[in-house]
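Visitor: Got a structure for you, written out below as structure tokens; questions coming shortly.
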Amino acid sequence: MQNMHTDIRSSSPRYRERLSPSLWLLVAAAVGAPMIALVLTPVDRTLALVAGVAFSAVLILLLVAFSPSVTIQDGVLRAGRAHIDVDLLGDAVALTGEEAHAARGPGLDRRSWTLLRGGIDGVVVIPVADANDPTPNWVISSRTPDRLAAALRRARTTPRTPGR
């Protein structure tokens with residue numbers, strides 16, 4: 101669910117990726133329907149069926165609706181609710197496989213700002229170049245870490261129009 105293009109009104113590159121839940125998490129949420137139905141069957145079978153389906157549907161909708169997104173627009177990286185100007189960032193490193201596992205686990209600095217999601221293998225590690233910022237880097241999950249890192253590099257090199 102990523103989209104990368106250049107906006108005609110703005111000269112800055114854009115990137116967008118929603119870190120939606122994995123298929124297995126959605127299947128696990130759907131399994132809640134028979135469980136709720138089984139609990140409510142002694143009360144009323146129709147109520148049990150309706151409540152089970154409604155519970156699973158609401159849970160799946162909430163999981164999808166509240167999944168964070170990663171965007172780069174107008175020289176600002178937004179990851180979830182956090183944002184930082186791309187001029188304050190160093191060169192992003194895209195990691196997959198064992199390197200990504202190490203970056204998410206044993207190699208993760210406790211001072212790092214993280215947006216990590218289970219079921220998403222890729223990780224982008226972005227050093228913070230601002231000497232006044234206590235956060236050494238941002239670690240962000242991505243299904244396409246190479247595209248996110250490339251979009252960050254383009255956003256850092258693209259001049260912006262003042263006032264935008």
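Its first residue numbered 101, the sequence shown is counted upward by one per residue in our numbering.
We treat Cβ as the ideally placed atom computed from N, Cα and C, and that holds for glycine.
1. Quick one: Cα of Ala-133 to Cα of Pro-121, how far?
2. Among Pro-227, Leu-189, Asn-232 and Leu-147, which residue has its Cα nearest to the Cα of Ala-203?
3. Which same chain residues end up closer than 6 Å to Ala-192 when comparing Cβ atoms and leaving out the 5 residues on each side of it in sequence?
4. Comparing C-alpha positions only, which one of Arg-116, Glu-199 and Ala-151 sits nearest to Leu-177?
5. Just checking, does the stretch 232 to 242 make contact with the stretch 206 to 215 on the three C-beta pairs under 8 Å criterion?
6. Quick one: what's got a C-beta closer than 6 Å to Ala-128's C-beta in the same chain, skipping five residues either side?
Guide: Let me spell this out:
1. Counted from its first residue, the sequence shown places residue 133 at position 33. Counted from its first residue, the sequence shown places residue 121 at position 21. Cα to Cα, the separation comes out at about 18 Å.
2. The residue labelled residue 203 in the question sits at position 103 within the sequence shown. Considering only alpha carbons, the answer is Pro-227.
3. Residue numbering aside, residue 192 sits at position 92 when the sequence shown is read from its first letter. Taken in chain order, the residues that qualify are Val-224, Ile-226, Ala-249 and Leu-252.
4. In the sequence shown, residue 177 corresponds to position 77, counting from 1. Leu-177 has its Cα closest to that of Arg-116, out of Arg-116, Glu-199 and Ala-151.
5. yes
6. If you number the sequence shown from 1, residue 128 lands on position 28. Excluding residues within five positions, none has a Cβ falling inside 6 Å.
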